[in-house]
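Residue 497 in the working numbering sits at position 510 of the sequence shown; the count goes up by one each step and never skips. The beta carbon of each residue, even a glycine, is placed where N, CA and C say it ideally should be. What follows is one structure encoded as C-alpha cells, with my remarks underneath.
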Amino acid sequence: MKKKITVMTILVFLVFNLTACDWFDSGLRVSNIDSVTMSYTGGSLQLDEAHWRAFADVYNGAEWSKEMAEQIGPVQNGLEADVLTLDGKSYLLRLYDDPENGLLLYSPERGIAKLDRQDSAVAALLSDAVLMGADYKSIAPTLQLSGDLGEQQLKCKNYALSYRDLSGNIAKKDIIDDFQDARAQYGITEPGAKVGLKLDPTLQIDTVEVTATFAGQKIALSVDEKYQIELLPDMAIIDYVVNIKSKETDLGIYTATAELTYAFTVDQNYDPEVEILSDEQTLGGFFLIRGRYFDEATKLLVEQSIIDIEITPYRVGNEILAVIPLNYYAAVGNHEIALYALEGDQKTELKRVKLKVYDRDFDMQNLTISPSKEREKRSEAAYAQYHERFMPVRETSHPEQLWEGAFIMPIEGRQTTDYGAKRKVNDALTRYRHNGIDLAAPRGTDIKASNSGKIVFSEELTLTGNTIIIDHGLGFFTYYLHLHERYVAVGDDVEKGQIVGTVGSTGFSTGPHLHFTASYHLKNINPYLLLEWDGEWQDWPTDTTQ
Ligand SMILES: [Zn+2]
C-alpha cells in the first residue's frame, strides 16, 4: 500500500507576491477569490466557487513549518493550484502526497503544512468532485479523425475511468453526462474510405475496437497498427463506434486506466452508377454491365433489343452484374441500350449506351447420317425429351459466383464442328445451329470440368446421350454431351479440372467426341470466348472477329 501512495504525491504550492503578505496574514478569504485554476499533466481546470471554500479552509487551518520545507526542498510534482484574487494578485499552491510524511501543503513563503486526511476541510479538497472534475476535463481526450473523411475532433461519448485515488485505492468513475451527444456526422463519402484514429498522447492506447452498425447488424472492423480503419462500402447511413482502452497511464497526481467511447456516422447514400466494360462484341460474345451503389430496394433495369431475353441482373455484394449474351441469332449492327435504376415504381435513367454487334462468318457443315439412326435419334420424341428435360435447367442459376478464374478446355481434341455452325443433315438444312463445339477424341478420354460449379444435370437423353450440365453461378453454364461415362450426380459440387466423365458417342453422334457448350442462361455463347476470359468482372474479352 505504501508503494502505491509513493506514486501519487500531492502538494499544494502557494506562491505569492511579497506585497500580498497582508492578504495571507488575514487568511484566505473566499470573498476575495477571483479564480482557482488547478493544473496537472495534460491540462488545467477552473474550479467553481463551491471548491474555493475547501482551499480557503485548508489554507487557513494549516500549521505551517519552514523547517520541514528546508528538509524536503522544492517540489515539482503534485497538484498545482493558481489562486487569483479580485485585486489582481496570483498565488500558487501545491498539494503533495509525500511517501515519508504523507499529505503536505507547500508554500515557499510559509513553508510546509502537514494535512490530516480525516479533517473535513482536507477531505472536501480531496473529494472526487475536485479531482475527478479536474481529471476528466484534462484527460477525457478528444479523438482526432483524419484521412479520407477529413480532419475532425471527436468528443468522448462515454468515459469510464479507473484510477488510484489519493489513498492509493482503485476507484471507478463513469463520466457520461457531458458527452451524450458527442457524435460526428459526415456527408456522402466514397466507399472504402480510410479513417485514421489518433488519441490524445497523454493516454497510452491498449486496445482499439471499432464496430459499425449496418442493417441492424454489428460488424467488427479491423484496425491496423497505425490505428486506421476502412469504412464499410455499403450504401447506407452507417454508425461507427470506437472503443478505446488505455494502459495504466501516469496522470501526474495518480495513475488511471480509461475506457473511452466515440461515435461517428457516415452517410454513403450514393447515386447508382453503371458501366459497360466493352461496347463492341461479335455474335457469340457477351456484354457485361456492372452497377455500383444500388441499395437493396433498387434494381437495375436493362432495356435492349439485341437479344430476345429479359436481362436479369445479379446482385453480388454491393455490385449489380448483368450480362447481355449474344448467341448466333442476336441482332447484328448498332444498338442503343438504356439502363435504369428501378425503385418501386420509380424509374430513373442512369445511362444510354451505344453498342455494336458484329456478325460472324459461321461454318456450314454437311453431315451424312444413316436414315435409320436419324429417325431414331432426331425424332420428335427425342426433341420433346430434350426440351422437357434439358432446357429448364438453365433458367435459374446459383446466385453466387461459383467459378474461379479462367474457364479451361475440358479435353484436348481436334475441333470438328465450330460454334454456331449451320448444318445440313443429308442435304437438308437443319432448324438448329450447332450450339457448342465438337472436339474429337478417343472414347474414354477424361473430361474435365471447365470451371468450378454445381452439377445441375446428369442423365442420358436420346438426342444428346449422356449429358452433364454445370452451373457456374450468376447465369453461366457449361455442357458436356455424348459422354461414354458420367462420374457426377445432380447436386455435386465440382472443382475446376475435376474429371466429370469420359468421351463417348452416345445420343445423336457419328463417332467419339465431346460436344462442349457454354451458355448464359438460355443463350448459347461461343465457348472460345468464354475460355478467353480470365473470369474476372473487371476484364471482359472483346472479340470483333468477323
Ligand atoms: Zn456437337
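Item to complete: Verify the contact flag: H508, CB atom, against every heavy atom of ligand 1, threshold strictly below 7 angstroms.
Response: Reading the sequence shown from its first residue, position 521 is the one you call residue 508. H508 Cβ: outside cutoff for every heavy atom of ligand 1.
Item to complete: Count the CB pairs spanning the segment 500 to 515 and the segment 290 to 305 that are closer than 8 angstroms, and state whether there are at least three.
Response: yes
Worksheet item: What is the DSSP secondary structure of L470, counted as helix, strand or coil?
Response: Position 483 of the sequence shown, counting from 1, holds the residue named residue 470. If DSSP states are grouped into helix, strand and coil, L470 belongs with the strands.
Worksheet item: With 16 as the cutoff for other CB atoms within 10 Å, does V487 come out buried or exposed?
Response: Taking the first residue of the sequence shown as position 1, residue 487 is located at position 500. Counting Cβ neighbours within 10 Å, V487 comes out buried, since at least 16 surround it.
Discussion item. What residue range does the beta strand (DSSP E) around P312 cover?
Written reply: Within the sequence shown, the letter at position 325 stands for residue 312. Per DSSP, P312 belongs to the beta strand (DSSP E) from 306 to 312.
Worksheet entry | Residue list, Cβ distance to ligand 1 heavy atoms smaller than 5 angstroms | D425, H502
Discussion item. Here's a check: name, in chain order, each residue in its chain whose Cβ is nearer than 6 angstroms to the Cβ of Y46, leaving out the five neighbours to either side.
Written reply: Looking up residue 46 in the sequence shown gives position 59. Closer than 6 angstroms at the Cβ level, and outside the excluded window around Y46, lie L15.
Discussion item. Just to confirm my understanding: we take D135, look at its own chain, exclude 5 residues before and 5 after, and list those with CB closer than 6 angstroms. What are they?
Written reply: Within the sequence shown, the letter at position 148 stands for residue 135. So the list reads A180, K181, once near-sequence residues are dropped.
Discussion item. Could you tell me the alpha carbon to alpha carbon distance between S445 and Q485, rounded to whole angstroms?
Written reply: Locating residue 445 in the sequence shown gives position 458, where the first residue counts as 1. Locating residue 485 in the sequence shown gives position 498, where the first residue counts as 1. Whole-angstrom Cα-Cα distance: 15 angstroms.
Item to complete: Check whether the Cβ atoms of A428 and K483 sit closer than 8 angstroms, and answer yes or no.
Response: The sequence position of residue 428 within the sequence shown is 441, counting from 1. The sequence position of residue 483 within the sequence shown is 496, counting from 1. In this structure, K483 does not lie closer than 8 angstroms to A428 by Cβ.
Worksheet item: Under 8 angstroms between the Cβ atoms of F251 and S265?
Response: Looking up residue 251 in the sequence shown gives position 264. Looking up residue 265 in the sequence shown gives position 278. No, the pair does not count as a contact, with Cβ atoms beyond the cut-off.
Item to complete: Specify, as a first and last residue, the run of the beta strand (DSSP E) that K411 falls within.
Response: Looking up residue 411 in the sequence shown gives position 424. K411 -> beta strand (DSSP E) spans 409 to 412.
Worksheet item: Cβ of T383 within 8 angstroms of Cβ of A328?
Response: Mapped onto the sequence shown, residue 383 falls at position 396. Mapped onto the sequence shown, residue 328 falls at position 341. No; because the gap between Cβ atoms is not below 8 angstroms, this pair is not in contact.
Item to complete: Report yes if the CB atom of L219 is closer than 8 angstroms to the CB atom of A199, and no otherwise.
Response: The residue labelled residue 219 in the question sits at position 232 within the sequence shown. The residue labelled residue 199 in the question sits at position 212 within the sequence shown. Contact: yes.
Practice prompt. On the DSSP bridge assignment, give the partners of W51 in chain order.
Written response: Position 64 of the sequence shown, counted from the first residue, corresponds to residue 51. Answer by DSSP bridge pairing, in chain order: A100.
Practice prompt. Starting from N453, follow its DSSP beta bridges and name the residues at the other end.
Written response: As a position in the sequence shown, residue 453 is number 466, starting the count at 1. DSSP output for N453 lists E447, L470 as bridge partner(s).
Worksheet item: Under 8 angstroms, do L501 and G400 count as touching if we go by C-beta distance?
Response: If you number the sequence shown from 1, residue 501 lands on position 514. If you number the sequence shown from 1, residue 400 lands on position 413. Yes, they are a contact pair.
Practice prompt. Identify every residue that forms a DSSP beta bridge with S292.
Written response: For the purposes of this step, residue 292 is taken as residue 305 along the sequence shown, with counting starting at 1. Note: S292 sits in no beta bridge, so no partner.
Fill in: Three-state secondary structure assigned by DSSP to L556
Nothing can be reported for residue 556, as the shown portion of the chain is limited to -12 through 533.
Discussion item. Less than 8 angstroms between the beta carbons of A318 and V340, yes or no?
Written reply: As a position in the sequence shown, residue 318 is number 331, starting the count at 1. As a position in the sequence shown, residue 340 is number 353, starting the count at 1. Cβ distance not < 8 angstroms, so A318 and V340 don't count as in contact.
Practice prompt. Please go through the segment 162 to 228 and give each complete beta strand (DSSP E) segment of 3 or more residues, from N-terminal end onward.
Written response: 171 to 175, 181 to 186, 192 to 201, 204 to 208, 215 to 217
Worksheet item: For R420 versus P499, is the C-beta distance shorter than 8 angstroms?
Response: As a first step, residue 420 must be located in the sequence shown, where it is residue number 433. As a first step, residue 499 must be located in the sequence shown, where it is residue number 512. Going by C-beta atoms, R420 is not nearer than 8 angstroms to P499.
Worksheet item: What are the start and end residues of the alpha helix (DSSP H) that includes V319?
Response: As a position in the sequence shown, residue 319 is number 332, starting the count at 1. Counting along the chain, V319 falls outside any alpha helix (DSSP H), and DSSP gives it neither H nor E.
Item to complete: Spell out whether any CB of chain C is found under 8 angstroms from the CB atom of Y507.
Response: Here there is only one protein chain, and chain C is not present.
Fill in: N353 - partner residues in DSSP beta bridges
By 1-based counting over the sequence shown, the position of residue 353 is 366. Looking at the DSSP assignment, N353 forms a beta bridge with K411.
Discussion item. In whole angstroms, give me the CA-to-CA distance for M55 and L112.
Written reply: Translated into positions along the sequence shown, residue 55 becomes position 68. Translated into positions along the sequence shown, residue 112 becomes position 125. The alpha-carbon atoms of M55 and L112 are separated by roughly 22 angstroms.
Worksheet item: Can you tell me the Cα-Cα spacing of I442 and F495, whole angstroms?
Response: Sequence index remark: in the sequence shown, residue 442 carries index 455 (1-based). Sequence index remark: in the sequence shown, residue 495 carries index 508 (1-based). Rounded to the nearest angstrom, the two C-alpha atoms are 22 angstroms apart.
Discussion item. Since Y257 and Y280 should fall inside the 8 angstroms C-beta cutoff, what is the C-beta to C-beta distance between them, to a whole number of angstroms?
Written reply: For this step, residue 257 is matched to residue 270 along the sequence shown. For this step, residue 280 is matched to residue 293 along the sequence shown. With 8 angstroms as the limit, Y257 and Y280 qualify as a contact, their Cβ atoms being about 4 angstroms apart.
Discussion item. Assuming A68 and V23 are in contact, meaning their beta carbons sit under 8 angstroms apart, how far apart are those beta carbons, in whole angstroms?
Written reply: Taking the sequence shown and counting its residues from 1, the one referred to as residue 68 is at position 81. Taking the sequence shown and counting its residues from 1, the one referred to as residue 23 is at position 36. About 6 angstroms; that satisfies the 8 angstroms criterion.
Discussion item. Please state the DSSP three-state secondary structure of Y419.
Written reply: As a position in the sequence shown, residue 419 is number 432, starting the count at 1. Three-state DSSP puts Y419 in a strand.
Practice prompt. Keeping to the same chain, check which residues put their C-beta closer than 8 angstroms to that of V138; ignore five residues upstream and five downstream.
Written response: Reading the sequence shown from its first residue, position 151 is the one you call residue 138. Checking the displayed sequence, the identity of residue 138 turns out to be Glu instead of Val. Contacts found: Q131, L132.
Discussion item. With a threshold of 8 angstroms, are at least 3 pairs of Cβ atoms found where one atom belongs to the segment 409 to 424 and the other to the segment 444 to 460?
Written reply: no
Discussion item. I need the DSSP call for Q538, collapsed to helix, strand or coil.
Written reply: Since the first residue shown for the chain is -12 and the last is 533, residue 538 is missing from the structure and cannot be characterised.
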